[in-house]
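Here full-length UniProt numbering is used: position 572 in the sequence shown is 572, and no number is missing along the way.
Backbone N, C-alpha and C define an ideal beta-carbon position, used for all residues, glycine too.
All values derive from a computational prediction rather than experimental measurement.
Reading through the structure tokens given below for one structure.
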Amino acid sequence: MSIPRRPKEAVLGLQKRMHQAKDLIIGPINESKKKDPLFLSFENIDRQLRILKFQFSDVKFWQDRVSAKFNELEHQIYKILSNAKNLSDHGDPLSGDQKSNVDNELDVIAEKIEVLRKALQQLAVGETSRERSSLKEDTGDGEDIVKASVAGRKTSKEWLQLTVEEDILTSETMKSLKVTYDNLDRLDLKLCALCFSIFPENATIKKRPLINWWISEGFVASEEVGEDVFKKLIEFGLIIPYPNDLNKPMTLVNECTVDPWIKYMLISLAKPAGLFDFDSRGIPSDLISKSKRACLVSGNQNFSDHNSGHEDKLLGLFNVSEKYIDFKPDLLPKLKKVEILQLGGWQASPKSRIEGVKHHIEVVNEEFLMGLGLQNHLKYISLRGISRITSLPSSISDLFNLEILDLKACHNLETLPFDISKLRKLTHLDVSDCPLLERMPQGLDKLTNLQVLKGFMIGDLGKTPCRVAHLTKMVKLRRLSVYIGAEAVVDKGEFSKLENITNLRCLTISWGVRDPKRVAQMTDLSFPANLEKLDLRGIPCLVDVDPRRPLVQLNSSKLKNLKRLYIRGGELRSLNCEMDFLWTVEILQLKYLKYFEIETIKLADFPHLIYLEVKCDGEVESNENGRNFVWTGKKLEEEKVQHKKKGESKKDDKHEEDSGLTENDKYLDKARGKSKVEDNYEEDMLPKFDIEEEKDEGKEGPGNNINPMIKQARSIKEER
Numbered sequence: 001m002s003i004p005r006r007p008k009e010a011v012l013g014l015q016k017r018m019h020q021a022k023d024l025i026i027g028p029i030n031e032s033k034k035k036d037p038l039f040l041s042f043e044n045i046d047r048q049l050r051i052l053k054f055q056f057s058d059v060k061f062w063q064d065r066v067s068a069k070f071n072e073l074e075h076q077i078y079k080i081l082s083n084a085k086n087l088s089d090h091g092d093p094l095s096g097d098q099k100s101n102v103d104n105e106l107d108v109i110a111e112k113i114e115v116l117r118k119a120l121q122q123l124a125v126g127e128t129s130r131e132r133s134s135l136k137e138d139t140g141d142g143e144d145i146v147k148a149s150v151a152g153r154k155t156s157k158e159w160l161q162l163t164v165e166e167d168i169l170t171s172e173t174m175k176s177l178k179v180t181y182d183n184l185d186r187l188d189l190k191l192c193a194l195c196f197s198i199f200p201e202n203a204t205i206k207k208r209p210l211i212n213w214w215i216s217e218g219f220v221a222s223e224e225v226g227e228d229v230f231k232k233l234i235e236f237g238l239i240i241p242y243p244n245d246l247n248k249p250m251t252l253v254n255e256c257t258v259d260p261w262i263k264y265m266l267i268s269l270a271k272p273a274g275l276f277d278f279d280s281r282g283i284p285s286d287l288i289s290k291s292k293r294a295c296l297v298s299g300n301q302n303f304s305d306h307n308s309g310h311e312d313k314l315l316g317l318f319n320v321s322e323k324y325i326d327f328k329p330d331l332l333p334k335l336k337k338v339e340i341l342q343l344g345g346w347q348a349s350p351k352s353r354i355e356g357v358k359h360h361i362e363v364v365n366e367e368f369l370m371g372l373g374l375q376n377h378l379k380y381i382s383l384r385g386i387s388r389i390t391s392l393p394s395s396i397s398d399l400f401n402l403e404i405l406d407l408k409a410c411h412n413l414e415t416l417p418f419d420i421s422k423l424r425k426l427t428h429l430d431v432s433d434c435p436l437l438e439r440m441p442q443g444l445d446k447l448t449n450l451q452v453l454k455g456f457m458i459g460d461l462g463k464t465p466c467r468v469a470h471l472t473k474m475v476k477l478r479r480l481s482v483y484i485g486a487e488a489v490v491d492k493g494e495f496s497k498l499e500n501i502t503n504l505r506c507l508t509i510s511w512g513v514r515d516p517k518r519v520a521q522m523t524d525l526s527f528p529a530n531l532e533k534l535d536l537r538g539i540p541c542l543v544d545v546d547p548r549r550p551l552v553q554l555n556s557s558k559l560k561n562l563k564r565l566y567i568r569g570g571e572l573r574s575l576n577c578e579m580d581f582l583w584t585v586e587i588l589q590l591k592y593l594k595y596f597e598i599e600t601i602k603l604a605d606f607p608h609l610i611y612l613e614v615k616c617d618g619e620v621e622s623n624e625n626g627r628n629f630v631w632t633g634k635k636l637e638e639e640k641v642q643h644k645k646k647g648e649s650k651k652d653d654k655h656e657e658d659s660g661l662t663e664n665d666k667y668l669d670k671a672r673g674k675s676k677v678e679d680n681y682e683e684d685m686l687p688k689f690d691i692e693e694e695k696d697e698g699k700e701g702p703g704n705n706i707n708p709m710i711k712q713a714r715s716i717k718e719e720r
């Protein structure tokens, strides 16, 4: 069977059949169903088919291998539609096994679409080469015919070396893909989408630097709007969540990638709009003369020499791939109108040492930073992750228009300006992961517009002129991360003031202190009533009171609005739930908790839970290496239904009364490796959850590359 003469119409037919299958399996769509993993899988397939339809418009000659792959895809879609009709005839809700089968079929369809798209990319490039060969043949240039033939077999990474502007950006596929962009119904979506045009192919992009950039450009008004834009661009298929796990809640998606075809389409729009300039290969340019925004790209000539005489026109400078920032000391004073200096990293955190080297950025000479204080229009400075910066000049305190200062992971940074009280427009300050930072600056309490403060350090009184009580003056503060150092000195009742930061929505606290006397001074910790996200790292133990009692006791009645709860490392052993106050948590992550009693988690206490991730190092004598598992919303929903049915039935099961455990408790005990269930309990009675276990061999995690906090906790226990 060959591909129909009008392949775009054929793909449209496949889309209609997928829509029919979705309607039969999902049913009427409401807000709750939009979070269903199966619904998200169907939406992902639909986006991929739309892109596939656009790619078909660029291919004029068919090959047998493309035809065969199209037929395989068509067969698979007919199969799922047939199964959907059979399932709908029964009229009953889908069982867990049936949902799993549908999910597997959708995975197969997604894989076949990806295979076909790659084949079409290679075919489209081959045709472009043939057309170029034909032109050269007319002029008798045989050497170029050979070159064009070789170019037709290049992969997408290599065909950047062809004339992108001529052969790709003007193709029919690009014109079709622009329809997706034109369908964006908001200006902020369109402007933010164009920003992705500058990133290298296959790059993994971090969400937070993106949103900071959009805010400083004026494309979005706040972090909340930026989060919404990021989500919408994923829904429209312009960016791809990374990792592309449809079972993972959108809230946990912090990184993304861009499909090469989408990237080239965005280039074709960003260049004429004057947002960025690109060369003929699609690489962003550092020439100020053609655009008011320039990019630092590895391999280009020195930026200062390249733009001599045009510096006063620059509005924004973005570091795309330059590893060594080597500016002349007199460069910054010449950038009289610059508003954005994104010199730091934007890539996702490296997963390996090789990636770390690849994304490494350092300054050759930090002397050029002395000119920062002369940029009166500067709104955004990012030095994120840049090495060899030991201090920031005091003149930075005079930047009265500065809104965002991102110094995250500047591992050599030791000194901030003594006083930053003049930065009255500052809304974001991030000094987290700066291990050598000696003290916090004075004047923080004067920054009443501050919305995000990360890396707030509590040390001795001399190094922390601004205390927790001062933070209550920041009436707009919504996100706060606190690091409690090893030498921390805390006044009595200081941590109780946290609950007075009434607008705070996200709170992270990391403990570096382990001294029992210092820890004992922090027992008054309380949380704001409207907190939605809580992230606790390395919770210490009250050794003088009870060696088994952690400093923090989490209770559902004190956290009535909490949606996300992350606990990583430390001494926490359980989560307490009061009868009248069930947990409102939707996402729960428990990692590197050596002493946590997993069996204390009861799904009945978490009626809104859609995602549970556990990576706990169990008791050494019972489970030395620990067990890791992830439960997605689909599996949790099945278990909630089972619990509800059991609650409505008679509670006279003698076996349950004797053991005192629910089915879920027994399964959790089994996952932990120390089951309390009687010997005659059948394995096939356990609920069937998908558990992703990570073996210790060759992987990072509690079993191998152990978190330093866990090492310290183990050493404390051994000393006892």
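Residue span of the beta strand (DSSP E) that contains residue i, given as start and end
| i | result |
| --- | --- |
| Ser382 | 380-382 |
| Arg479 | 479-484 |
| His377 | No beta strand (DSSP E) contains His377, which DSSP labels as neither H nor E. |
| Arg293 | 293-296 |
Segment limits, alpha helix (DSSP H) that includes residue i
| i | result |
| --- | --- |
| Ile215 | 207-217 |
| Arg564 | Arg564 -> not in any alpha helix (DSSP H); beta strand (DSSP E) instead, spanning 564-570. |
| Met265 | 260-273 |
| Gly226 | 223-235 |
| Leu507 | It is not in any alpha helix (DSSP H) - Leu507 instead sits in the beta strand (DSSP E) that spans 506-511. |
For residue i, the nearest candidate out of the options (CA to CA)
| i | options | result |
| --- | --- | --- |
| Ser481 | Gly493, Val614, Ile458 | Ile458 |
| Lys533 | Trp583, Ile262, Met522 | Trp583 |
| Val179 | Arg50, Leu471, Pro441, Leu542 | Arg50 |
| Ile601 | Leu575, Glu114, Ala110, Gly96 | Leu575 |
| Asp398 | Ala409, Lys33, Leu426 | Leu426 |
| Arg117 | Glu31, Val11, Gly344 | Val11 |
| residue 753 | Leu471, Val489, Lys517, Tyr264 | Any answer about residue 753 is impossible in this case: the structure gives the chain only from 1 up to 720. |
| Leu595 | Ile501, Lys563, Ile109, Cys616 | The residue you asked about is not Leu; residue 595 is Tyr in the sequence shown. For Tyr595, the nearest C-alpha among the options comes from Cys616. |
| Met474 | Cys295, Leu444, Ala119, Ile340 | Leu444 |
| Phe327 | Cys410, Met370, Gly274, Phe629 | Met370 |
| Ser349 | Glu613, His359, Leu120 | His359 |
| Cys295 | Ile404, Asp277, Asp312 | Asp277 |
| Val364 | Gln375, Ile386, Leu372, Lys379 | Ile386 |
| residue 721 | Phe418, Leu402, Leu383, Glu217 | No answer is possible for residue 721: it lies beyond the span of the chain, which begins at 1 and ends at 720. |
Burial state of residue i (16 or more Cβ within 10 Å)
| i | result |
| --- | --- |
| Lys207 | buried |
| Glu578 | exposed |
| Pro329 | exposed |
| Glu692 | Here Glu692 scores only 36 on pLDDT, less than 50, and its place in the model should not be relied on; the value that follows carries that caveat. Exposed. |
| Tyr324 | exposed |
| Asp185 | exposed |
| Met18 | buried |
| Pro435 | exposed |
| Arg548 | exposed |
| Thr502 | exposed |
| Glu621 | Bear in mind that the predicted position of Glu621 carries a pLDDT of just 35, short of 50, making it too unreliable to give a figure here. |
| Phe61 | Annotation note: pLDDT 48 at Phe61 (below 50); position unreliable, no value reported. |
| Phe368 | buried |
| Gly345 | buried |
| Tyr611 | buried |
| Ile29 | exposed |
| Phe456 | buried |
| Asp515 | exposed |
| Tyr78 | exposed |
C-beta contact flag for residue i and residue j at 9 Å
| i | j | result |
| --- | --- | --- |
| Leu177 | Leu233 | no |
| Thr415 | Thr390 | yes |
| Leu531 | Asn561 | yes |
| Lys558 | Ser526 | yes |
| Asp406 | His377 | no |
| Ile381 | Leu331 | no |
| Gly569 | Ile539 | yes |
| Ala110 | Gln48 | yes |
Would the region 455-475 and the region 241-250 be scored as touching if the rule is three or more Cβ pairs under 8 Å? no
Are three or more beta carbon pairs between the region 275-283 and the region 251-262 nearer than 8 Å? no
For the pair the region 97-113 and the region 24-39, tell me if three or more CB-CB distances fall below 8 Å. Taking 8 Å as the limit for Cβ pairs, the verdict is that the region 24-39 does touch the region 97-113.
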